[in-house]
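Asker: If you read the sequence shown in the working numbering, its first letter stands for residue 521, the second for the next number, and so on. Ideal placement from N, C-alpha and C gives every residue a C-beta, glycine not left out.
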Amino acid sequence: MSASPFKGQTGLKRILNATGYSLAGFAAAFKGEAAFRQLVLINVILIPLSFFCDVTRGERALLIAVCLLALIVELLNSAIEAVVDRVSLERHPLSKNAKDMGSAAQFVALTIITVTWAGILLG
Numbered sequence: 521m522s523a524s525p526f527k528g529q530t531g532l533k534r535i536l537n538a539t540g541y542s543l544a545g546f547a548a549a550f551k552g553e554a555a556f557r558q559l560v561l562i563n564v565i566l567i568p569l570s571f572f573c574d575v576t577r578g579e580r581a582l583l584i585a586v587c588l589l590a591l592i593v594e595l596l597n598s599a600i601e602a603v604v605d606r607v608s609l610e611r612h613p614l615s616k617n618a619k620d621m622g623s624a625a626q627f628v629a630l631t632i633i634t635v636t637w638a639g640i641l642l643g
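What follows is the structure, given as structure tokens:
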């Protein structure tokens, strides 16, 4: 199997390129995905709020981590949707399954946020 021609960079050049790709991904998600913008807003509220809660450092780290997890899941979900749409816009059961599973993953991530925050703050 031959390597991708895009994989040739090493060292600092690779890190700079990867950073650029990541920033472009954040920009594309923020511009094109309402769900991502909503999750960013939730993070802008909940992460600072975690510093005002009477919790241990470990609990605070967990409160923050679950919020960031939802952003990761949304980025992956959006990537799945983009690839499915790139392949074909026609309705197909496998395309629907892929998109529904991505949505289900995000539902689980949001449930984790709710359960974690409730468990720590109400526990």
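1) So for Arg577, helix, strand or coil by DSSP?
2) Which class does Gln558 belong to by DSSP, given the choice of helix, strand or coil?
3) With Lys619 and Ile600 assumed to form a contact (beta carbons below 8 Å), what rounded beta-carbon distance in angstroms separates them?
4) For Thr634, name the three-state secondary structure that DSSP assigns.
5) Near Leu641, what residues of its chain come up, given a Cβ to Cβ distance below 7 Å and the 5 sequence neighbours on each side ignored?
6) Assuming Trp637 and Leu583 form a contact by the criterion Cβ under 8 Å, report the distance between their Cβ atoms to the nearest whole angstrom.
7) Expressed to the nearest angstrom, what Euclidean distance is found between the alpha-carbon atoms of Gly545 and Thr576?
8) Nearest CA to the CA of Met621: which residue from Lys533, Leu596, Phe556, Val564?
9) Would you give the residue range spanned by the alpha helix (DSSP H) that Ser542 belongs to?
10) Mapping the DSSP letters down to three states, classify Glu610 as helix, strand or coil.
11) Determine the DSSP secondary structure at Gly622, reduced to helix, strand or coil.
12) Please state whether the Cβ-Cβ distance between Ser615 and Ser623 is less than 8 Å.
Answerer: Based on what the coordinates show:
1) helix
2) helix
3) 7 Å
4) helix
5) Cys573
6) 6 Å
7) Roughly 33 Å between the two C-alpha positions.
8) Leu596
9) 531 to 552
10) coil
11) helix
12) Not a contact, by the Cβ cut-off of 8 Å.
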